[in-house]
Amino acid sequence: MTDVENKIEVTAFGQTLLLQAGADTSDVPRRVEELANLYEPALASRSIPRSGQALDIGAGAGWFALPFASAFPDWSVTAFEVDPAQFRCLSNNVQMLGLSNVRCVNAAFHPNAEAGADTGDWLEPVSSANFEPLIGLEPRVIPANRSGGTRASLQLPALRPATLRRLAPDLAKLEAPFVEREIALALQDVDVHLILGRLYEALPSDTFNPVQDKGRREYYLMHHDHVLRRDFEHNTHKTRIGLDVVIAMYNARAFITECIDSLLADSNPEVHLIVVDDGSTDGCGAMVADRYAAEDRVRLVTKANGGCASARNHGRKHSNASHIAFVDADDRVDPDMFSALFEIARYTGAYVTEGEFAFLSVDDDGTEALKPSYETTLYPDPGTHSIGSHSYLWINGRDLCIGQPTIWRRVHRRDFLDQKNIWFPEHVRAFDDQIFQFLVGHYCDKIAHVRDVRYHYRQHPEQDIKQGDERHFYSFNMFRAVLIRSLQEGWRDNEHVFRALLNTMRWSYGGLRSDLKATYRAAAVQFLAMITLCYGRRFSASELDATLIDGLQFLLEQHLKARNGSDPNYGYSRLEDWRWQPEFILMAEKIESSQSPSAV
Numbered sequence: 005m006t007d008v009e010n011k012i013e014v015t016a017f018g019q020t021l022l023l024q025a026g027a028d029t030s031d032v033p034r035r036v037e038e039l040a041n042l043y044e045p046a047l048a049s050r051s052i053p054r055s056g057q058a059l060d061i062g063a064g065a066g067w068f069a070l071p072f073a074s075a076f077p078d079w080s081v082t083a084f085e086v087d088p089a090q091f092r093c094l095s096n097n098v099q100m101l102g103l104s105n106v107r108c109v110n111a112a113f114h115p116n117a118e119a120g121a122d123t124g125d126w127l128e129p130v131s132s133a134n135f136e137p138l139i140g141l142e143p144r145v146i147p148a149n150r151s152g153g154t155r156a157s158l159q160l161p162a163l164r165p166a167t168l169r170r171l172a173p174d175l176a177k178l179e180a181p182f183v184e185r186e187i188a189l190a191l192q193d194v195d196v197h198l199i200l201g202r203l204y205e206a207l208p209s210d211t212f213n214p215v216q217d218k219g220r221r222e223y224y225l226m227h228h229d230h231v232l233r234r235d236f237e238h239n240t241h242k243t244r245i246g247l248d249v250v251i252a253m254y255n256a257r258a259f260i261t262e263c264i265d266s267l268l269a270d271s272n273p274e275v276h277l278i279v280v281d282d283g284s285t286d287g288c289g290a291m292v293a294d295r296y297a298a299e300d301r302v303r304l305v306t307k308a309n310g311g312c313a314s315a316r317n318h319g320r321k322h323s324n325a326s327h328i329a330f331v332d333a334d335d336r337v338d339p340d341m342f343s344a345l346f347e348i349a350r351y352t353g354a355y356v357t358e359g360e361f362a363f364l365s366v367d368d369d370g371t372e373a374l375k376p377s378y379e380t381t382l383y384p385d386p387g388t389h390s391i392g393s394h395s396y397l398w399i400n401g402r403d404l405c406i407g408q409p410t411i412w413r414r415v416h417r418r419d420f421l422d423q424k425n426i427w428f429p430e431h432v433r434a435f436d437d438q439i440f441q442f443l444v445g446h447y448c449d450k451i452a453h454v455r456d457v458r459y460h461y462r463q464h465p466e467q468d469i470k471q472g473d474e475r476h477f478y479s480f481n482m483f484r485a486v487l488i489r490s491l492q493e494g495w496r497d498n499e500h501v502f503r504a505l506l507n508t509m510r511w512s513y514g515g516l517r518s519d520l521k522a523t524y525r526a527a528a529v530q531f532l533a534m535i536t537l538c539y540g541r542r543f544s545a546s547e548l549d550a551t552l553i554d555g556l557q558f559l560l561e562q563h564l565k566a567r568n569g570s571d572p573n574y575g576y577s578r579l580e581d582w583r584w585q586p587e588f589i590l591m592a593e594k595i596e597s598s599q600s601p602s603a604v
C-alpha cells in the first residue's frame, strides 16, 4: 500500500468527497473531527460571500480546503502544506476532484525565514518540484525547532509570515504550531474577515484583532477545550472589543485614587475605566478629572445624585465594550485581575467570569491586612482548566443566587446582560446588587471562577451592609419583583428564590436596629404568606427557625389559618404591603415621633 492509496470519505459543507490520506492515517480522526465540530459549525453560523480569497495554512491532505473549495466554487483557495507525503495527497486530491480554484503550495511559515539565524550558515535556498513560486519568493530551509537549531535539524521549506499580507485573504484557516503569533501579527493590517483554526499556545486574545477594527473581523480559534471567538461580541450599538470597568462614585475622595490606580496597574489597553460621579459633594469628581486628565483609559461621567444603582446603569449606558464589570469606589484589585478575567471570558465564551476576593482592613495607624474570604473553604481545589498562566474552575450559577452579593469581582458579557434584560433596580437606594447578582446567577448556568487573582473588599463602618436601618426592607420589594418575573417567564423551579429569601431574612433581621425588628417580623410574615398563597409553597419549621426571627412560624401559621385554606392564586403576587417599602416605614416613624409626648 502506498502513501496515497488510503481513501477517507469526508462530508462537510454539503459536500461528500473521497480523499487520499496517505500511509500514515494517525492524524485523520482529529482532522475529520475538527472539520465536523469546529470548521463546519463556525461557517454554518455565518453568511459567506459568493466569492473571495481563502487560505488554508497546514492543509494536510485538504481536509478543510477541498470541501470548502467544492462548496464555494467562486472562491480561490491557496492551500499550504509542508510535509512532502501530505502535500502529494493534497495535490493528487485536487487533480482527482478537478478543482480549478485550488492552488497548492509545498511550504510552511516561520519567522526565521525572514531574519535568518545568528550564524546564517544553515539558511539557504532550496528547490522543490512540488513548490509553486508564490509572489516571487523562494522557499527556504529552516530548523523545525522554533528557537533555532543546527543543520542536522529537520529542514522545511518556509515562507515569511509577511507574505500573507500580499495575498489579502478574506478567510484564513490556521494550523501552524507555535507560529500562530507571527501569522496573527502579519494579518493585523489585512482586512481578513474570518480566521479559523487550532492554537497550540494560548495567545493574548487581542493578538488577532486588526489594527483598524471596523467590527467586521471574526475568529473561531480552538485551544484544547477552549475557543477564542468574536461572534457574540458583535452588537449593533457596541463596537469595541474590550472591557469597561464602571466605578460608581459618591463622596469617595478618601479612596477613589487608590481604586483607580490599582485598576490602571493593569496595563492591558483593552481594559478601560468609566468613573461615574453620582452628584458627589466632597470634590472627588474634580480630583479625578485633574489627576487622570492625561490617561486615555479613564473617562469621568457626571450625573445628579440618584444612588449606586443609577450610577452603575449610567456607566453601562456610556460603555461601548463587549464586556463590562462594576467595582466599588472604596475597593481595589490585584494588578492583573481584570485582564485575567477578560482573557478567560474570551477563550471560554462564559457569560460571567469571577476572581477571588479578600477582606481588606486598615488600622488607624495605616497598617493593612488582607483576610481570605470564606470561599477558601468552598473552593479548596486548584483550577481544573487553564488558559496560559491562569487557571479556573466551573461553578454552578445557582450558587450566586443564594450567596453574598459580590458583583464587584466579576466580568459580564454585555450581550448576556442585554438579552436577559438585567439591570440594577434604580428605585432602591441600597443592596441593589443583590437582585442583579440573583438574576445573573439564575440565567448564566455556570461561571468561570479564576484562581489567584483577588478583589480587595474594604471593610469600614460606613458600608451600607453595616447600617441596621430601614434599607434592609428593600429586599422584600426586590424579591417580589423576581417572583413576578418568574411568573411572567414561566420559571419551572423557584426553590433557589425561596432559599435566597430565607438567607436574606436571617442576615437582615440579625443586623437590624432593635426598634425595627417587630416591623420586619410582620413584613416577613406577610411576604411568606404571599408566597404560600401564590405558589402553594409551605415553609417547614426548620426553614423558618433558621431565619432566627422570633415567633415567625407561629405568626405565619396564624396568618394562613385566617385565610381559611385559600387555593393558590398567582394574583397574590400583585398584592402590596406597606412594610415592604422603606419609605413608608420612615413615614410611619415620623408620624409616631410627632405624636409622642416628647414631641409636644
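By our numbering, the letter at position 598 of the sequence shown is numbered 602, and the numbering carries on one by one without gaps. Beta carbons: idealized from backbone N, C-alpha and C, even for Gly.
Where do the ends of the beta strand (DSSP E) carrying residue i lie?
i, result
"N400", "394–400"
"A58", "56–61"
"L364", "356–366"
"R202", "198–202"
"E376", "Reading off the sequence, residue 376 comes out as Pro, not Glu. Segment 372–376, the beta strand (DSSP E) holding P376."
"S271", "First-last for S271: undefined, no H or E at that position."
"G514", "First-last for G514: 499–515, but that is the alpha helix (DSSP H), not the beta strand (DSSP E)."
"I12", "11–16"
Does the separation of the CB atoms of residue i and residue j fall below 8 Å?
i, j, result
"E347", "H394", "yes"
"I278", "D229", "no"
"W67", "V106", "no"
"A111", "L163", "yes"
"H322", "V302", "no"
"Y459", "D286", "no"
"A65", "Q99", "no"
"A452", "T388", "no"
"E274", "D193", "no"
"A434", "Y478", "yes"
"C312", "D436", "yes"
"L559", "R525", "yes"
"V415", "H276", "no"
"P386", "R455", "yes"
Is residue i buried or exposed, if buried means 16 or more other CB atoms sit within 10 Å of its CB?
i, result
"P165", "buried"
"F84", "buried"
"A27", "exposed"
"P45", "exposed"
"L158", "Note that L158 has pLDDT 40, beneath the 50 cutoff, so the model's placement of it is unreliable and no number is given."
"T20", "exposed"
"D78", "exposed"
"T381", "exposed"
"D300", "exposed"
"M341", "buried"
"M591", "exposed"
"V183", "buried"
"L579", "exposed"
"D369", "exposed"
"P53", "exposed"
"R316", "buried"
"L22", "exposed"
"T82", "buried"
Alpha carbon to alpha carbon, what distance is there between residue j and residue i?
i, j, result
"Y355", "Y396", "14 Å"
"A533", "T508", "17 Å"
"V231", "G353", "7 Å"
"R320", "V250", "7 Å"
"W584", "A485", "12 Å"
"R417", "L487", "25 Å"
"Q284", "H318", "The sequence given here has Ser at residue 284, not Gln. If you take the alpha carbons of S284 and H318, they lie about 15 Å apart."
"F17", "L198", "16 Å"
"R413", "A63", "43 Å"
Which residue comes first and which comes last in the alpha helix (DSSP H) that contains residue i?
i, result
"H446", "436–448"
"A485", "478–493"
"E186", "184–190"
"P88", "88–101"
"S314", "312–321"
"S390", "Note, S390: premise wrong, no alpha helix (DSSP H); beta strand (DSSP E) at 389–391."
"S546", "545–549"
Just checking: is the beta-carbon of residue i within a distance shorter than 8 Å of some beta-carbon in chain B?
i, result
"D193", "Judged by its chain identifiers, the structure shown contains no chain B, having just a single protein chain."
Segment contact flag, the segment 541–555 with the segment 522–533, C-beta cutoff 8 Å, min 3 pairs: yes
Flag this pair as touching only if the segment 323–333 and the segment 370–382 have three or more C-beta atom pairs under 8 Å; answer yes or no. no
Do three or more CB pairs link the segment 560–567 to the segment 513–525 at distances below 8 Å? Pairwise C-beta distances place the segment 560–567 out of contact with the segment 513–525, as fewer than three of them are shorter than 8 Å.
Under 8 Å, with one C-beta from each stretch per pair, do the segment 52–62 and the segment 170–181 reach the 3-pair mark? Contact between the segment 52–62 and the segment 170–181 is present, because at least three Cβ pairs lie under 8 Å.
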